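Data block below; observations after.
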Amino acid sequence: MEVEKMDENEWKYHGEGNQSLVVSHCQRCVVLRFLKSPPNQNKTPEEILHHLQNIVDFGKHVMKQFFGENDVHHGEIIQLPLDFVRQLCLKIQPERPECRCDKDMDTLSGYAMCLPNLTRLQTFRFAEHRPILCIEIKPKCGFIPFSSHVSQEIKHKVCRYCMHQHLKVIIKSPCFPLAVLNKQRMHFALKSLLQEAQNNLKIFKNGELIYGCKDDQDCVSDWNELARHLKPFFFPSNGLVSGPHCTRTIVKELIHVITMALLSSTDTCRAGDMKTVPISQGRSYCEASAFNKELVRNGKHKLESSGLPRGCLLYKTLQAQMLDMLDIEGLYPLYSRVEQYLEEFPEERSTLQIDGPYNEVFYEKLLDLSLEDDGTVAFALTKVQQYRIAMTAKDCSIMIALSPCLQDECSEHRPVVLTSKSRFTFSVSVLDLDLKPYESIPHQYKLDGEIVNYYLKNVQAKEDPVMSSLFKENEDCTLVLHKV
Ligand SMILES: O=P(O)(O)O[C@@H]1[C@@H](OP(=O)(O)O)[C@H](OP(=O)(O)O)[C@H](O)[C@H](OP(=O)(O)O)[C@H]1OP(=O)(O)O
Ligand SMILES: Nc1ncnc2c1ncn2[C@@H]1O[C@H](COP(=O)(O)OP(=O)(O)OP(=O)(O)O)[C@@H](O)[C@H]1O
304 MEVEKMDENE
314 WKYHGEGNQS
324 LVVSHCQRCV
334 VLRFLKSPPN
344 QNKTPEEILH
354 HLQNIVDFGK
364 HVMKQFFGEN
374 DVHHGEIIQL
384 PLDFVRQLCL
394 KIQPERPECR
404 CDKDMDTLSG
414 YAMCLPNLTR
424 LQTFRFAEHR
434 PILCIEIKPK
444 CGFIPFSSHV
454 SQEIKHKVCR
464 YCMHQHLKVI
474 IKSPCFPLAV
484 LNKQRMHFAL
494 KSLLQEAQNN
504 LKIFKNGELI
514 YGCKDDQDCV
524 SDWNELARHL
534 KPFFFPSNGL
544 VSGPHCTRTI
554 VKELIHVITM
564 ALLSSTDTCR
574 AGDMKTVPIS
584 QGRSYCEASA
594 FNKELVRNGK
604 HKLESSGLPR
614 GCLLYKTLQA
624 QMLDMLDIEG
634 LYPLYSRVEQ
644 YLEEFPEERS
654 TLQIDGPYNE
664 VFYEKLLDLS
674 LEDDGTVAFA
684 LTKVQQYRIA
694 MTAKDCSIMI
704 ALSPCLQDEC
714 SEHRPVVLTS
724 KSRFTFSVSV
734 LDLDLKPYES
744 IPHQYKLDGE
754 IVNYYLKNVQ
764 AKEDPVMSSL
774 FKENEDCTLV
784 LHKV
C-alpha cells in the first residue's frame, strides 16, 4: 500500500467493537483496524505501536498455533499520514453507532493494522467479480465449567452466556441462541441466532452488511429481506416460488452451509493435540436451554450423539477456551499470588512476559497443562496466561466466506459445500484475537460473582409470571456446548 497517496475517499466505515474501529477499502480487499480509547485518555504513539505490535505477535506466534496458519490473519502494522487519519475520522464519524461513541478512534499516532478484508476474502483466483457471502459469528463460551473450584452449583448447570443475559437484560434483549455439540443442536442454535442476532451474528453480501446489528437500535433482521438477498446464491436459476415457504427454505439452506463450514476440517495446527478437552467430566448441556428441555420432554436426551470433529474451527476454538481449567474462582488466588510477587519484585514483570513479547517462548510456556499446584509463582503465572488465552478465545469471532462455484471449477484443494441447487467454495477465519489484558482478571472475578448472584435471585423471582415471560426460554444458548 502506498501510504503517501492515501485518500480518505477510497475508504469507508466498516464496523467496530469495544476496542477497535475498522474501515474497508472501496475497491481492494483490505481493511484498516484502528485502536480506540476513551476521550482524553489517549495513549502515546509509542504505546499504540507497542500495543499493535503485541497484537500482531500474538496472532503470529500464539494464536496460529491454536487455529492453524491459514485461519488466523495477523496483519501488519502500517504508519499512515496523520492528515489522512484525521480526515478519515471526520468522514466516518456520522456512520458510527451512537453506543460505540464513548470511545474515540486513535488519530494521534498514525498507526493502524492492515488486514485482509475477511468479508470479501477470496477462495478463488478469479473471484473478484463473483458475489460473495460472509457470515460472522461470535460463538462465546462453549462449555460449562468443570473445575472443582466452582463454589455455586448453578455454574455447573447453566452456561455463563445464559446467566449473563439476565444481568444484561436492561441493556440488551435477554435471549441469545447458540449451543451445539452435534449437528441437531447446531441447527437449532443457528436458527435462534438468526432470530435474535444481537452482536453475535452478522451477514455481509459483497462486503456490505445485510443482516445483523450495527448498534443496539439499528438492527436489520427481517427474514424476508434476508431471503431476497440470498435467493440468487442458493437458487441461481430462480425456480423457487416466493413467499414464506421460499423464505424458510432459503434460511434452511443458509443454516446448512454455515453448519457444514463450521464442522469442516480446517488447517492443521501445532496445538491440535493439546488435550485441554478432558474426557467426560461435567455436563455437556445448559439446563436453561429450551433445546435441552425439549429433548428431556421427549425422553431423547440420552440418545444424543456428541462431539465436534477434531479438525474443525469450533473444536479448535473450544480447545483454546478450555485452557480455562480452573474457572475464575480457582484462578483468582493464583492471580493474587503473581500480584504479590510483582509487588515485591516489580522489575520481574518483563521477565515474566506479562505484557509481552508474545513470542515462541511465551507459547511454549502455555503447554504445561498440569493442575498440580506446587505453590510456585511459575505455576500461578502459567495458569494466569492460559486463562487469558481462554478468555480471548471466548470472545473471538468466526468468519465464513462463501463464493458460488460451478462443478468444473472445483478442485480438491478448495473446500466445497453443496446445497440443493448450488455449490460454494468457502474459507473460514478467526478474528478479534487480541489477548485479554492481565489487568482484566479482577474485573472478571467480580463480574462472575455478579452474574451468578443476579441469576440466582432471578431464578427465584421467576415464580413471578411477569418475570417469567420476560425471560422466555426459546433458544439454545451456545454454539459449541461440549461434553467435557
Ligand atoms: O464479558 P462478555 O462475555 O460480555 O464479553 C464482552 C463482549 O460482550 P458480548 O457479550 O460479546 O456482547 C464485548 O463485546 P461488545 O462490546 O458487547 O460488542 C467485548 O468484546 C468485551 O471485550 P473487551 O473487554 O472489550 O476486550 C467482552 O469482554 P471480556 O471478553 O473481556 O469479558
Ligand atoms: N479483517 C477483517 N475483515 C473484515 N471485517 C473485519 C475485520 N476485522 C474486523 N472486522 C469487522 O469489524 C468488527 C469489529 O472488529 P473487532 O471485532 O476486531 O473489534 P473489537 O473492538 O476488537 O471487538 P470487541 O468488542 O469484541 O472487543 C468485527 O465485528 C467485524 O465485523
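Numbering (our numbering), first residue to last: 304 to 787. Cβ atoms here follow ideal geometry from the backbone N, Cα and C, with glycine treated the same way. As the structure is a computational prediction, the values presented were derived from the model and not from experiment.
Q: State the beta-bridge partners of A704 as determined by DSSP.
A: Note: A704 sits in a beta bridge opposite C437, S730.
Q. Does the Cβ-Cβ distance between Y666 and Q368 come in under 7 Å?
A. Result yes, Cβ atoms of Y666 and Q368 sit closer than 7 Å.
Q. For E439, is the beta carbon positioned less than 6 Å from some heavy atom of ligand 2?
A. For ligand 2, at least one heavy atom lies less than 6 Å from the Cβ of E439.
Q) In the structure shown, what three-state DSSP assignment does L411 receive? A) L411: coil per DSSP, three-state reduction.
**Q.** Collapsed DSSP secondary structure at G659 in the structure displayed
**A.** DSSP places G659 in strand when its eight states are reduced to three.
Q) Would you say the beta carbon of L421 comes nearer than 6 Å to a heavy atom of ligand 2? A) Shortest gap from the CB of L421 to any heavy atom of ligand 2: under 6 Å.
Q. Hey, quick one: how far does the alpha helix (DSSP H) through E350 stretch, first residue to last?
A. Start and end: 348-360.
Q. Excluding the five sequence neighbours on either side, which residues of its own chain have a C-beta within less than 8 Å of the C-beta of V365, listed in chain order?
A. For V365, where only same-chain residues beyond five positions count, the Cβ hits under 8 Å are Y661, F665, Y666, L669, I692, L738.
Q.
Since V733 and I701 should fall inside the 8 Å C-beta cutoff, what is the C-beta to C-beta distance between them, to a whole number of angstroms?
A. The pair is a contact, with the Cβ atoms about 6 Å apart (cut-off 8 Å).
Q: In angstroms with no decimal places, state the Cα-to-Cα distance between A530 and R433.
A: If you take the alpha carbons of A530 and R433, they lie about 19 Å apart.
Q) What residues in its chain sit with their C-beta under 7 Å from that of L391, if we drop five residues either side in the sequence? A) Only residues of its own chain outside the window of five on either side were considered, and among them E311, W314, V326 have a CB closer than 7 Å to the CB of L391, listed in chain order.
Q) Is the beta carbon of E590 less than 7 Å from the beta carbon of K697? A) The Cβ atoms of E590 and K697 lie no closer than 7 Å to each other.
(Q) Using only the alpha-carbon positions, how far apart do K394 and E319 sit? (A) Cα to Cα, K394 sits roughly 15 Å from E319.
Q. Would you say the region 328-337 touches the region 402-416, given that touching needs at least three Cβ pairs under 8 Å?
A. Three or more beta-carbon pairs drawn from the region 328-337 and the region 402-416 are found closer than 8 Å, and the two stretches are therefore classed as touching.
Q.
Quick check: is any heavy atom of ligand 1 less than 6 Å from the C-beta of D386?
A. Remark: the C-beta of D386 is outside contact range of ligand 1, defined as less than 6 Å to any heavy atom.
Q: Report yes if the C-beta distance between C329 and R423 is below 7 Å; otherwise report no.
A: Taking C-beta atoms as the reference points, C329 and R423 fail to come closer than 7 Å.
Q: Apply the 10 Å Cβ neighbour rule to R428 and answer buried if 16 or more other Cβ atoms are within range, or exposed otherwise.
A: Confidence in R428 is poor, its pLDDT being 46 and thus under 50, which makes the residue's placement unreliable; the coordinate value appears in the next sentence. Counting other Cβ atoms within 10 Å of its Cβ, R428 stays below 16 and is therefore classed as exposed.
Q: Quick one: using the 10 Å Cβ neighbour count with 16 as the cut-off for buried, is G678 buried or exposed?
A: That one is exposed.
Q. Out of curiosity, what's the CA-to-CA distance linking E663 and A500?
A. Roughly 37 Å separates the two Cα atoms.
Q) In this structure, does DSSP put I380 in helix, strand or coil? A) In the three-state DSSP reduction, I380 falls in the strand class (E or B).
(Q) Any heavy atom of ligand 2 closer than 6 Å to the beta-carbon of V325? (A) At least one heavy atom of ligand 2 lies closer than 6 Å to the C-beta of V325.
Q. Any heavy atom of ligand 1 closer than 6 Å to the CB of G362?
A. Taken from the Cβ of G362, every heavy atom of ligand 1 lies 6 Å or farther away.
Q) Under 6 Å from any heavy atom of ligand 1, does the C-beta of D677 make it? A) Because no heavy atom of ligand 1 lies under 6 Å away, the Cβ of D677 does not count as near it: no.
(Q) My output table needs one value for N321: the three-state DSSP class, helix, strand or coil. (A) N321 carries a coil assignment under DSSP once its states are collapsed to helix, strand and coil.
Q) Taking the alpha carbon of F361 as the point to measure from, which residue in P348, E350, H376 has its own alpha carbon closest? A) Measuring from the Cα of F361, the nearest candidate turns out to be H376.
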